[in-house]
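**Q** Sending over a structure as structure tokens; questions will come in a sec.
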Amino acid sequence: MAGKRKSRRNFGRVRKLPSGRFQARYPGPDGVLRPADRTFATTTDADRWLSRKRIEIEEGRWLDPVEGQTTVRDWSARWLAAVSPQLKHKTQATYRSLINSLIVPALGDQELSSLRPITVAEWVGGMKTKGLSASRIRQAYRVLSQIMRSAVDNDMIPQTPCRGVKLPRMPQTEPHILTPLEASRIVQSAAKPHDLLIAFLAYAGLRVGEAFALRRVDIDVAGGLVLVDENLAEANGTLVFDTPKSHQKRVLRVGPALAKRLGKYLKELPGGDDALLFTTPAGKPLRYNQWRKAYFDPAVSAAGLTDVTPHDLRASHGTWVADRYGVMTAAHRLGHSNASVTTRHYARPVAGRDDQVAEAADAWLEGQGENNSSEVPEQL
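Quick note: the sequence shown uses this note's numbering, first residue 63, plus one each step.
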């Protein structure tokens with residue numbers, strides 16, 4: 063009687079180990095024979111695993127397991143080097159700081175393929191236990207997410223472990239929206255020429271770094287125009303001139319009164335076209351914390367106000383403009399590429415507007431003003 067004929071395996075190999083379990087090996091697209099990432103109790107289990115691996119290769123979904131053995135430390139360094147040329151100097155410094163202080167110390171020695179969502183969740187929980195702020199934790203998580211997404215895009219791992227992780231909530235803080243008159247009191251209370259700098263924040267909506275970076279050549283006094291094409295930022299103690307946030311250069315018109323004051327100031331300003339409008343007494347570029355302590359906060363106190371930041375003036379400007387002239391105009395003034403940023407972070411309801419809407423709605427109910435619809439936006 064003829065014996066049973068063994069089925070011939072046409073992909074991969076299976077061998078029995080001294081332990082009694084079975085090891086599967088398969089040829090990758092490069093022809094190199096690789097072992098499975100685990101052993102199997104039976105040859106049937108090993109064959110099933112080989113069948114799935116063969117389908118992965120045939121469908122182009124196969125990833126070289128050696129790539130996934132790259133450590134988080136090594137891949138983070140490579141990723142940062144690759145993206146840095148497209149980043150602003152301050153963003154580069156922030157990413158490097160987060161990687162060196164929070165990501166690499168906790169996860170650096172782990173292989174990319176070993177990370178799981180639970181690993182990332184434990185890392186986030188550990189930072190919270192150490193008392194790190196919600197903002198810092200979320201920043202670190204966003205950077206790790208970018209690093210791991212890049213690993214997926216480069217076929218290092220099949221999917222990112224940064225998914226389904228609960229992050230600490232940011233505290234809800236509202237900007238202090240001033241009235242135009244309150245902002246004017248701060249300008250009038252400031253020492254010269256910093257009154258002009260504060261006026262740029264309140265009545266042109268500039269970021270502080272944009273105002274710090276203004277030069278003589280950026281001002282067209284006759285046309286009442288200001289070119290905003292530079293930003294002064296501080297990264298790890300070093301001052302760096304760069305393009306504005308989101309690279310949004312813009313030309314703004316300022317009022318005749320401000321333009322006239324600027325013209326008078328420029329006549330007395332030493333230096334050529336590249337001279338900075340606002341500097342320290344020694345002629346050096348301004349640093350935010352020093353400037354705020356020396357000039358801004360005293361002006362706020364002298365104006366009889368409290369809890370006002372330089373950023374509040376920009377937010378106030380956005381609110382005034384959006385309320386009177388629409389969100390799109392406010393977005394242009396503030397240098398936002400997307401108006402949703404304006405509404406989410408800057409434009410706020412103006413006190414008393416709801417009462418005005420109620421009065422207008424009552425008039426509409428009575429059938430008044432329906433032939434004068436052009437006045438409706440003004441009422442709102």
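Quick reminder that beta carbons are idealized off the backbone N, C-alpha and C, glycines included.
Do Leu396 and Ile260 come within 8 Å of each other at the CB atom, strictly closer than that value?
**A** Going by C-beta atoms, Ile260 is not nearer than 8 Å to Leu396.
**Q** Can you tell which of Ser159, Val290 and Ala295 has the C-alpha that lies nearest to the C-alpha of Ala202?
**A** Nearest of Ser159, Val290 and Ala295 to Ala202, Cα basis: Ser159.
**Q** Around the Cβ of Met189, are there at least 16 other Cβ atoms within 10 angstroms (buried) or fewer (exposed)?
**A** Buried, because 16 or more other Cβ atoms sit within 10 Å of the Cβ of Met189.
**Q** Quick check: the segment 359-378 against the segment 258-272, are at least 3 beta-carbon pairs closer than 8 Å?
**A** Yes: the two stretches touch, three or more of their Cβ pairs being nearer than 8 Å.
**Q** Give me the Cα-Cα distance between Asp359 and Pro343, rounded to the nearest whole angstrom.
**A** Asp359 and Pro343: Cα-Cα distance of roughly 18 Å.
**Q** How long is the line joining the alpha carbons of Lys152 and Trp353, rounded to whole angstroms?
**A** Computed Cα separation, rounded: 19 Å.
**Q** So the candidates are Met210, Asp282, Val383 and Leu348; which of them puts its Cα closest to the Cα of Tyr327?
**A** Looking at the Cα atoms, Asp282 is the closest of the given residues.
**Q** Throw me the rounded Cβ distance for the Arg312 and Val279 pair, which I believe falls under 8 Å.
**A** Contact doesn't hold; Cβ gap of about 16 Å is too wide.
**Q** Identify every run of the beta strand (DSSP E) within the segment 343-407, keeping only runs that are complete inside it and at least 3 residues long; order them along the chain.
**A** DSSP runs (the beta strand (DSSP E)) wholly in the segment 343-407: none.
**Q** The beta strand (DSSP E) with Val134 in it runs from where to where?
**A** No beta strand (DSSP E) contains Val134, which is instead part of the alpha helix (DSSP H) from Val134 to Val145.
**Q** Taking the C-alpha atoms as reference points, what is the distance between Leu169 and Pro242?
**A** One C-alpha to the other measures close to 50 Å.
**Q** What number of angstroms, rounded off, separates the C-alpha of Gly130 from the C-alpha of Glu173?
**A** Between Gly130 and Glu173, the C-alpha separation is close to 6 Å.
**Q** Let me know the secondary structure DSSP gives Ala103 once reduced to three states.
**A** Here Ala103 sits in coil by DSSP.
**Q** Please confirm if the segment 191-200 is in contact with the segment 225-238, defined as three or more CB-CB distances below 8 Å between the two stretches.
**A** The segment 191-200 is in contact with the segment 225-238.
**Q** Thinking C-alpha only, which one of Leu79, Thr341 and Gln310 is nearest Leu268?
**A** Out of Leu79, Thr341 and Gln310, Gln310 has the C-alpha closest to the C-alpha of Leu268.
**Q** Taking just the CA atoms, how far does Leu206 sit from Ile165?
**A** Rounded to whole angstroms, Ile165 to Leu206 spans 7 Å at the Cα level.
**Q** Per DSSP, which residues does Asn293 bridge with? Please list them.
**A** Note: Asn293 sits in a beta bridge opposite Asp304.
**Q** Can you look up Arg75 in the DSSP assignment and give me helix, strand or coil?
**A** If DSSP states are grouped into helix, strand and coil, Arg75 belongs with the strands.
**Q** Could you round the C-beta distance between Leu367 and Ile248 to whole angstroms and report it? I think they count as a contact, below 8 Å.
**A** So it is a contact: roughly 7 Å between Cβ atoms.
**Q** On the DSSP bridge assignment, give the partners of Pro233 in chain order.
**A** Per DSSP, none; premise fails for Pro233.
**Q** I need the DSSP call for Glu31, collapsed to helix, strand or coil.
**A** Absent from the structure is residue 31, since the part of the chain shown begins at 63 and ends at 442.
**Q** Could you tell me which residues DSSP puts in a beta bridge with Asp282?
**A** DSSP lists Leu287 as partners of Asp282.
**Q** Which one of Ala297, Val302 and Gly285 has the shortest CA to CA distance from Lys316?
**A** For the record, residue 316 in the displayed sequence is Val; it is not Lys. Of the listed residues, the one whose Cα sits closest to Val316 is Gly285.
**Q** Whose CA, out of Ile161, Val389, Leu240 and Asp257, lies closest to the CA of Met210?
**A** The shortest C-alpha separation from Met210 is found at Ile161.
**Q** From this set, Ala98, Asp336 and Ile117, which residue's C-alpha is nearest Pro127's C-alpha?
**A** Ranking the options by Cα distance to Pro127, first place goes to Ala98.
**Q** Let me know the secondary structure DSSP gives Phe262 once reduced to three states.
**A** Correct three-state label for Phe262: helix.
**Q** Rounding to the nearest angstrom, what Cα-Cα distance links Lys329 and Gly193 in this structure?
**A** Cα-Cα distance, rounded: 52 Å.
**Q** Between the C-alpha atoms of Ala401 and Val288, what's the straight-line distance to the nearest angstrom?
**A** Legend: pLDDT at Ala401 = 49, less than 50; position of this residue unreliable, value from coordinates given subsequently. Rounded to the nearest angstrom, the two C-alpha atoms are 21 Å apart.
**Q** Among all the DSSP beta bridges, which residues are the ones paired with Pro97?
**A** Paired residue(s): Arg87.
**Q** From this set, Leu125, Arg135, Ala86 and Ser113, which residue's C-alpha is nearest Asp92's C-alpha?
**A** Checked all of Leu125, Arg135, Ala86 and Ser113; the closest Cα to Asp92 is Leu125.
**Q** Using a Cβ-Cβ cutoff of less than 7 Å, which residues in the same chain neighbour Ala297 once the five nearest sequence positions on both sides are dropped?
**A** So the list reads His151, Lys152 and Ala155, once near-sequence residues are dropped.
**Q** With a CB to CB cut of under 6 Å and the five nearest residues on each side skipped, what residues in its chain are close to Leu339?
**A** Closer than 6 Å at the Cβ level, and outside the excluded window around Leu339, lie Leu276.
**Q** Quick check: the Cα distance between Val227 and Ser81, rounded to an integer number of angstroms?
**A** When rounded, the distance between both Cα atoms is 39 Å.
**Q** Name the residue from Ala364, Thr381 and Leu258 whose alpha carbon lies nearest to the alpha carbon of Lys322.
**A** Ranking the options by Cα distance to Lys322, first place goes to Leu258.
**Q** With distances taken from CA atoms, which of Glu244, Gly333, Gly271 and Gly334 is nearest Ser363?
**A** Checked all of Glu244, Gly333, Gly271 and Gly334; the closest Cα to Ser363 is Glu244.
**Q** Applying the criterion that 16 or more other CB atoms from any shown protein chain within 10 Å of the CB defines a buried residue, is Thr222 buried or exposed?
**A** Classification for Thr222: buried.
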